[in-house]
């Protein structure tokens, strides 16, 4: 029997502040084994053929423009997915999502106050894009398919699986999780090396290097709140695996966009 899908709050353990760094294995501790598996899978993303292809492609100005207009739409898809997750989750989890989305949608005053979509749009000035370019950019086929797949998981899955699917993308962009630098860090370095754009002008990448350390903890926190049975841990793992599978397809598509615009 699956965990209840009711939105009634169950009495939950107070969430521990979860450091998303590699957990130490403890024999006989299923939760620690679960966390280690998530850590290993998140790092494996960067060894996948899709990620290798994306970072091996030439990052020309034209290619980067197309790449980041699609990436901004990825940001909007995240907002849609988290909204569906929040709607079906128990009350304590609704609060976790609300706190996460408050920063995504409202920004952080100490870091300039722009929301994360605005940061993505503003970043475009560094490679010759105007806000209108983002607003009028079509959703390319590969992006559309990936976005629909993520929405399907968010809308049709058990709340715990749906939460994990969205949280997994934060986790695999955390500096405390990914060996050698998170996705935003690596994209930033690629832009610096190939187009000479310093990180301070990469407003979205710079913000996510900082913000996703805390955001990445959501995947671990939900396991420590609700992952006290194998069934619950399986739902969390399933959501993460599904999401990272879609992510590899999306990254492979973005690699093809870069390759088509290599000259």
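Residue numbers (the working numbering): 203 to 465. Cβ atoms here follow ideal geometry from the backbone N, Cα and C, with glycine treated the same way.
Per-residue burial, residue i [other beta carbons within 10 Å of its own, 16 or more giving buried]
i           : result
residue 392 : buried
residue 348 : buried
residue 300 : exposed
residue 242 : exposed
residue 249 : exposed
residue 332 : exposed
residue 363 : buried
residue 304 : exposed
residue 431 : exposed
residue 387 : buried
residue 246 : exposed
residue 419 : buried
Own chain, CB closer than 6 Å to residue i, minus 5 neighbours either side, in chain order
i           : result
residue 414 : Note that residue 414 scores 48 on pLDDT, short of 50, meaning its location in the model is unreliable and no value can be drawn from it.
residue 252 : 450, 453, 454
Range covered by the alpha helix (DSSP H) that runs through residue i
i           : result
residue 264 : 263-290
residue 457 : 432-462
residue 422 : 420-428
residue 368 : 361-373
residue 346 : 343-358
residue 257 : 251-258
residue 235 : 232-246
residue 387 : 385-397
residue 297 : 293-308
Beta-carbon contacts of residue i that lie in its chain and below 8 Å, excluding the five residues immediately before and after
i           : result
residue 445 : 352, 355, 366, 367, 368, 370, 371
residue 227 : Confidence at residue 227 is low in this model, with a pLDDT of 46, below 50, so its placement is unreliable and the value that follows should be read with caution. 234, 235, 238, listed in sequence order.
Own chain partners of residue i with C-beta closer than 7 Å, once the 5 adjacent residues on each side are dropped
i           : result
residue 463 : 262, 264, 265, 268
residue 255 : 454, 457
residue 381 : 245
Would the region 320-340 count as touching the region 263-272 if we require 3 or more Cβ pairs under 8 Å?
yes
Three or more C-beta pairs below 8 Å linking the region 259-268 and the region 386-400
yes
Count Cβ pairs between the region 230-239 and the region 273-293 that sit closer than 8 Å; are there 3 or more?
no
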